[in-house]
Amino acid sequence: MAEFTLYTAENAPEESKPLLADSVAAFGMLPNLHAVMAEAPTLLKGYQVLHELFQNTSFNAEELTVVWQSINVEHDCHYCVPAHSAIAASMKVDQGIVDALVNKTPLADAKLETLRETTLAMTRERGVISDEQIEKFFAAGYGQQQLLEIIVGLSQKVMSNYTNHLANTPVDEPFKKFAK
């Protein structure tokens, strides 16, 4: 397996240095994921932009967590599952939701469970989901906007999950307590 560099503000490619500074400002630390992504400034920038865009969708904190963690767990991302468990805790998402997502058990809230099922269908079927799943999603109270917004979260998670698979990104110390 290739070894990937964990860049810092000092040794990162020039184009990545301001992006890493943005990461530190946003997270209060330099996440190892961002340190790896710095190798490809366009990847890091794209990830940061998608992260911000997804946070500005119509989804609330619980729904953001459902989309992120459903994809992270489906992709078996050793880094993003604990990282997003920590993010969910900081966003005050009920721990029962996080536990159900990580443990692949149904969510108690039917609407959130439908969001999870739809996100998993989008992920597994590469966007080709059944009319029945779409109708169930709409019947749960979501609309076309939310169906399309899942794609933003999925795009962000493909960037991070795949990077972590390639680089075997070390889990950051603050996230380790959320690792299973």
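FYI, in the working numbering the residues of the sequence shown are 24 to 203. The C-beta atom is built at its ideal place from N, Cα and C for all residues, glycine as well. In this text the structure is predicted, and so the values were computed from the model without any measurement.
- Task: Could you check if residue 180 is buried or exposed, using at least 16 other CB atoms within 10 Å of its CB as the buried criterion?
- Result: Sequence index remark: in the sequence shown, residue 180 carries index 157 (1-based). Residue 180 comes out buried.
- Task: Return the residue from the list 102, 151 and 128 that minimises the CA-CA distance to residue 206.
- Result: In the structure as shown, the chain begins at 24 and stops at 203. Residue 206 is therefore absent and cannot be evaluated.
- Query: From residue 99 to residue 63, what distance separates their C-alpha atoms?
  - Reply: To locate residue 99, count along the sequence shown from 1; it is residue 76. To locate residue 63, count along the sequence shown from 1; it is residue 40. Their backbone Cα atoms lie some 23 angstroms apart in a straight line.
- Might you give, ordered along the chain, the residues of its own chain that have their beta carbon closer than 7 angstroms to the beta carbon of residue 35, omitting 5 neighbours on each side? Residue numbering aside, residue 35 sits at position 12 when the sequence shown is read from its first letter. Correct list, in chain order: 43 and 61.
- Task: Excluding the 5 residues preceding and the 5 following residue 193 in the sequence, name in chain order all residues of the same chain whose CB lies nearer than 6 angstroms to its CB.
- Result: For this step, residue 193 is matched to residue 170 along the sequence shown. Cβ within range, chain order: 55.
- Does the count of Cβ pairs from the region 106 to 113 and the region 129 to 148 closer than 8 angstroms reach three? no
- Closer than 7 angstroms by C-beta to residue 57: which residues in its own chain qualify, once you throw out the five before and the five after it? Chain order, please. Working through the sequence shown from its first residue, we reach residue 57 at position 34. So the list reads 43, 46 and 67, once near-sequence residues are dropped.
- Task: With distances taken Cα to Cα, identify the nearest neighbour of residue 156 among 165, 146, 167 and 141.
- Result: By 1-based counting over the sequence shown, the position of residue 156 is 133. If we check each option's Cα against that of residue 156, 141 comes out closest.
- Query: Taking all protein chains shown into account, do 16 or more other C-beta atoms lie within 10 angstroms of the C-beta of residue 30, making it buried, or fewer, making it exposed?
  - Reply: Start at 1 with the first residue of the sequence shown, and residue 30 comes out as number 7. It is buried - the Cβ of residue 30 has at least 16 other Cβ atoms within 10 Å.
- Task: In angstroms with no decimal places, state the Cα-to-Cα distance between residue 170 and residue 93.
- Result: Start at 1 with the first residue of the sequence shown, and residue 170 comes out as number 147. Start at 1 with the first residue of the sequence shown, and residue 93 comes out as number 70. Their backbone Cα atoms lie some 15 angstroms apart in a straight line.
- Message: residue 143 and residue 97 - do their beta-carbons sit closer together than 7 angstroms?
- Response: Residue numbering aside, residue 97 sits at position 74 when the sequence shown is read from its first letter. Residue numbering aside, residue 143 sits at position 120 when the sequence shown is read from its first letter. Result yes, Cβ atoms of residue 97 and residue 143 sit closer than 7 angstroms.
- Query: Does DSSP put residue 191 in a helix, in a strand, or in coil?
  - Reply: The residue labelled residue 191 in the question sits at position 168 within the sequence shown. Looking at residue 191 - three-state DSSP - the assignment turns out to be coil, as it is neither helix nor strand.
- If you drop the 5 nearest sequence neighbours on each side, which residues of the same chain put their C-beta closer than 7 angstroms to that of residue 202? For the purposes of this step, residue 202 is identified with residue 179 of the sequence shown, where counting begins at 1. Answer for residue 202: 105 and 194, listed in chain order.
- Kindly indicate the opening and closing residues of the alpha helix (DSSP H) around residue 108. To locate residue 108, count along the sequence shown from 1; it is residue 85. Residue 108 -> alpha helix (DSSP H) spans 103 to 113.
- Task: Determine, using beta carbons only, whether residue 176 and residue 77 come nearer to each other than 7 angstroms.
- Result: Stepping through the sequence shown from its first residue, residue 176 is reached at position 153. Stepping through the sequence shown from its first residue, residue 77 is reached at position 54. Result yes, Cβ atoms of residue 176 and residue 77 sit closer than 7 angstroms.
- Taking the alpha helix (DSSP H) that residue 133 falls in, what are its first and last residues? Counting from one through the sequence shown, the residue named residue 133 turns up at place 110. Start and end: 133 to 147.
- Where does residue 161 fall in DSSP's three states? In the sequence shown, the residue the question calls residue 161 occupies position 138. Residue 161: helix per DSSP, three-state reduction.
- Does DSSP put residue 127 in a helix, a strand or coil? The sequence position of residue 127 within the sequence shown is 104, counting from 1. Three-state result, residue 127: coil.
- Return the first residue and the last residue of the alpha helix (DSSP H) that residue 60 is part of. Within the sequence shown, numbered from 1, the residue matching residue 60 stands at position 37. Where residue 60 is concerned, the enclosing alpha helix (DSSP H) stretches over 55 to 60.
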